[in-house]
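Residue numbers (the UniProt record's numbering): 1 to 146.
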């Protein structure tokens, strides 16, 4: 049986890794979305799926086409949360759930609140770990009206 302190140390290391990866990823993702969108799909796995306000887009070619049609943007992230996903749920693949929210202004449109969830998976070589998006869910947040 594994001692409890060993489990807690391993969990803390996984949480620390998730937080570092999430902070770096969020900075890169939104900067790329706003300033270098033509290379944004490099952050996605080949078979990644984006669900944009309920509409699913899968694969590199479809993602490229979708991002090219979006107007230019200015994202402001006001909240970031992350957690490691247990390896039993991801067939041993190191995976992090990243949740963001904030505001976005697309050219020609009013500023809106958004919420975005990413599942990132580690693509590891002997010398480098690169986090790629396996799943991305974006939603505009609209206030409920009575």
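For every residue, glycine included, the Cβ atom is placed at its ideal position computed from N, Cα and C.
Item to check | Alpha carbon of residue 85 to alpha carbon of residue 14, nearest angstrom | outcome: 9 Å
Checklist entry - Which residue comes first and which comes last in the alpha helix (DSSP H) that contains residue 60? => result 60-69
Item to check | Whole-number beta carbon distance between residue 40 and residue 132, since they are thought to touch under 8 Å | outcome: Between residue 40 and residue 132 the Cβ distance is about 12 Å, and since that is not below 8 Å, they are no contact.
Checklist entry - Run through DSSP, which three-state label would residue 55 get? => result strand
Item to check | 8 Å CB neighbourhood of residue 32 in its chain, flanking five on each side removed | outcome: 39, 40 and 43
Checklist entry - What's the C-alpha gap between residue 49 and residue 55? => result 10 Å
Checklist entry - What number of angstroms, rounded off, separates the C-alpha of residue 105 from the C-alpha of residue 60? => result 25 Å
Item to check | Close Cβ partners of residue 26 (< 8 Å) along its chain, the five nearest in sequence each way excluded | outcome: 77, 80, 98 and 100
Item to check | Buried or exposed (CB count within 10 angstroms, at least 16 for buried), residue 142 | outcome: exposed
Item to check | With 16 other Cβ atoms within 10 Å as the buried cut-off, status of residue 16 | outcome: exposed
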